[in-house]
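Novice: Numbering (full-length UniProt numbering), first residue to last: 1 to 539.
Where is the CB? At the ideal position from N, CA and C, for every residue including glycine.
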């Protein structure tokens with residue numbers, strides 16, 4: 001069945017306000033763990049019809065609004081952890097940042113304001129660029145699908161793989177949150193005009209970074225000449241490359257399975273000291289310096305920076321990343337990487353390096369389905385675990401791992417209520433639904449030659465669309481009929497003044513009045529949503 005015959009697509013075309021449809025559809029599919037497949041299917045349909053790559057996902061289509069809604073639902077904590085510290089600083093300091101010469105207040109220096117603005121730009125962009133590993137997994141999966149679609153349909157236009165992601169991340173996620181922090185629950189403070197102007201300039205800059213990173217040329221178009229120095233400061237080759245790396249990481253982890261065009265992105269590399277992993281039962285397990293490289297796919301180490309990898313550990317094989325008790329080897333800055341059947345002990349150059357390596361390794365493997373919940377903080381030396389004195393090398397861990405992800409932490413969604421909202425939207429737009437039903441009926445059943453279009457888009461298979469509409473209308477009528485019968489039973493069985501319908505309950509009185517009018521007119525649920533009985537046509 002083509003996308004244009006699906007109930008979700010028809011809902012988006014029949015209901016005037018796509019946002020209402022997007023909210024409920026996204027919540028229902030997210031609740032049932034089908035939102036990635038749903039968005040991917042609709043995105044594929046939209047991107048396959050694109051002729052101008054500059055317009056990809058830039059309109060208010062159903063799939064764009066669904067991705068917007070998804071980012072709001074699951075990305076709130078990510079947004080707060082990334083932006084709130086800098087926004088709080090801006091609200092505390094309230095430094096003037098106006099650089100438009102026509103808007104400067106008496107006594108203000110444009111040069112001083114420009115310095116303030118550049119400082120805030122650095123403080124807002126840096127957390128964004130280094131936040132990829134904190135992005136919610138479902139958002140990463142969506143961005144991974146979008147990048148794969150861009151590579152599939154526009155293989156010769158490399159910048160498209162960035163524009164499909166940056167359009168959402170920068171233009172529809174970070175920039176609006178910076179401009180209107182109260183709407184995104186990033187502050188409860190009253191924002192004075194001067195601070196709001198600072199937020200406006202910062203939001204403009206973030207949007208420009210998002211646009212430039214997917215541009216084919218380095219030429220910059222300035223609507224406002226006073227922003228020239230700002231853009232020159234933040235849109236350099238170095239910044240663009242950093243931002244592209246951010247988008248690559250954002251759309252690469254966690255994937256579950258690697259995509260055909262998914263190129264590993266280097267997250268960190270450098271020399272560290274490792275202890276032999278003990279692949280042989282006997283032999284001295286000594287310490288050696290190796291060059292480590294962590295990518296979005298694996299951790300490798302080699303003798304030299306340009307040497308061939310001696311070992312390649314896929315990210316999905318990492319079970320835990322934890323510190324090692326200093327007493328185990330009498331060595332500081334030691335951590336362990338636990339795999340199935342063996343543990344790799346690594347010493348970082350210093351405590352800062354140790355933390356950076358551990359943070360990155362933990363984040364890239366944190367959603368592995370088989371991660372350990374318990375580990376050994378001590379090493380296994382001379383056939384005994386130094387922490388718990390167990391003699392079995394395969395003994396279960398004796399301490400809880402740190403930062404174990406709670407998979408039960410989900411957005412609370414009432415799926416039944418969202419389905420009720422969708423039914424109400426269909427009922428409210430029943431006339432449009434029936435009109436479309438009749439058009440497809442003429443084309444599918446009676447062979448009308450006229451092309452059927454919805455919202456300017458031609459229906460690919462009117463017979464399939466007709467069947468979908470016929471089933472949809474029948475379901476709406478049946479649900480409305482059952483709903484009315486339930487309301488009648490409620491009015492007839494619940495006594496006014498009881499606990500269920502206390503005196504003064506306007507909802508009960510309104511319900512009783514509407515049911516009485518319906519009964520007096522001899523109507524039923526079908527009267528609200530009339531439809532002709534017609535023969536069905538096979539798809």
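1. For a minimum of 4 consecutive residues, which ranges assigned as the alpha helix (DSSP H) are wholly contained in the stretch 128 to 178?
2. For residue 311, write down the residues that DSSP places opposite it in a beta bridge.
3. In the DSSP assignment, what are the bridge partners of residue 295?
4. Which first and last residues belong to the beta strand (DSSP E) in which residue 322 is found?
5. May I ask you to report which of helix, strand or coil DSSP gives residue 56?
6. What does DSSP give as the partner residues of residue 120 in its beta bridges?
7. Can you name the residues that DSSP bridges to residue 444?
8. Could you tell me if residue 99 is buried or exposed, where buried requires 16 or more neighbouring beta carbons within 10 angstroms of its beta carbon?
9. Quick check on the DSSP output: the alpha helix (DSSP H) that includes residue 78 runs from which residue to which?
10. If you drop the 5 nearest sequence neighbours on each side, which residues of the same chain put their C-beta closer than 7 Å to that of residue 332?
11. So which of 347, 346, 122, 337 has the shortest CA-CA distance to residue 375?
12. Is there a C-beta anywhere in chain D that falls below 8 Å from the one on residue 87?
13. Do residue 396 and residue 387 have their beta-carbon atoms positioned less than 8 Å apart in this structure?
14. Please report the distance separating the alpha-carbon of residue 33 from that of residue 307.
15. Would DSSP call residue 391 helix, strand or coil?
16. Beta carbon of residue 36: closer than 7 Å to some heavy atom of the ligand ATP?
17. In the structure shown, what three-state DSSP assignment does residue 345 receive?
18. According to the neighbour-count rule (16 or more other Cβ atoms, all chains shown, within 10 Å of its Cβ), is residue 112 buried or exposed?
19. Opposite residue 336 in the DSSP bridges: which residues?
20. Measure the alpha-carbon distance for residue 469 versus residue 158 and round it to whole angstroms.
21. Let me confirm a value: residue 131 is counted as buried when at least 16 other C-beta atoms fall within 10 Å, else exposed. Which label applies?
22. Measuring only the C-alpha atoms, how far is residue 57 from residue 420?
23. Residues in the same chain with beta-carbon distance under 8 Å from residue 178, minus the five sequence neighbours each way, listed in chain order, please.
24. Please state whether DSSP places residue 282 in a helix, a strand or coil.
25. Please report the straight-line C-alpha distance between residue 324 and residue 224, rounded to a whole angstrom.
26. Check whether the stretch 92 to 106 and the stretch 311 to 325 touch, using three or more Cβ-Cβ pairs below 8 Å as the test.
27. Give me, in chain order, the residues of the same chain whose beta-carbon lies closer than 6 Å to that of residue 27; leave out the 5 immediate sequence neighbours on both sides.
28. Is the stretch 137 to 150 touching the stretch 61 to 70, taking contact as three or more C-beta pairs under 8 Å?
29. Three or more C-beta pairs under 8 Å: does that hold for the stretch 157 to 172 against the stretch 182 to 197?
30. Taking 8 Å as the threshold, find out whether the stretch 285 to 296 comes into contact with the stretch 264 to 276 through three or more Cβ pairs.
31. Going by alpha carbons, who is nearest to residue 269 out of 286, 234, 309, 244?
32. Classify residue 411 as helix, strand or coil using the three-state DSSP reduction.
33. According to the neighbour-count rule (16 or more other Cβ atoms, all chains shown, within 10 Å of its Cβ), is residue 279 buried or exposed?
34. Of the residues 344, 229, 25, which one's Cα is nearest the Cα of residue 358?
35. Rounded to whole angstroms, how far is the Cβ of residue 14 from the Cβ of residue 442, which I believe are closer than 8 Å?
36. Identify which residue in 444, 229, 24 has its Cα closest to the Cα of residue 416.
Specialist: Short version:
1. Runs of the alpha helix (DSSP H) inside the stretch 128 to 178: 137 to 153, 160 to 169.
2. Partner residues in the beta bridge of residue 311, as assigned by DSSP, are 301.
3. 266
4. 320 to 323
5. For residue 56, the secondary structure class from DSSP, reduced to helix, strand or coil, is coil.
6. In DSSP, residue 120 forms no bridge with anything.
7. Paired residues: none, contrary to the question.
8. buried
9. 76 to 93
10. The beta carbon of residue 332 lies closer than 7 Å to those of 326 in the same chain, with the five residues before and after it left out.
11. 337
12. The chain inventory of the structure shown lacks chain D, comprising one protein chain alone.
13. no
14. 43 Å
15. coil
16. What this structure holds is no ligand at all, so the ligand ATP is not there to describe.
17. Strand, per DSSP.
18. exposed
19. Beta-bridge annotation (DSSP): residue 336 is paired with 322, 345.
20. 40 Å
21. buried
22. 29 Å
23. Here residue 178 has 83, 87, 124, 199, 202, 203, 206 as same chain residues with Cβ atoms under 8 Å from its own Cβ, once five neighbours each way along the sequence are excluded.
24. A caution first: residue 282 carries a pLDDT of 40, below 50, which makes its placement in the model unreliable, though a value can still be read off. In this structure, residue 282 counts as coil in the three-state DSSP scheme.
25. 55 Å
26. no
27. 413, 418
28. Segments in contact, yes.
29. no
30. yes
31. 309
32. coil
33. Caution applies to residue 279, whose pLDDT of 47 falls short of 50 and renders its modelled position unreliable; the value that the coordinates give is listed next. By the neighbour-count rule (16 or more Cβ atoms within 10 Å), residue 279 is not buried but exposed.
34. Answer by Cα proximity: 344.
35. Not a contact, Cβ separation roughly 18 Å.
36. Selected option, being the one with the closest Cα: 24.
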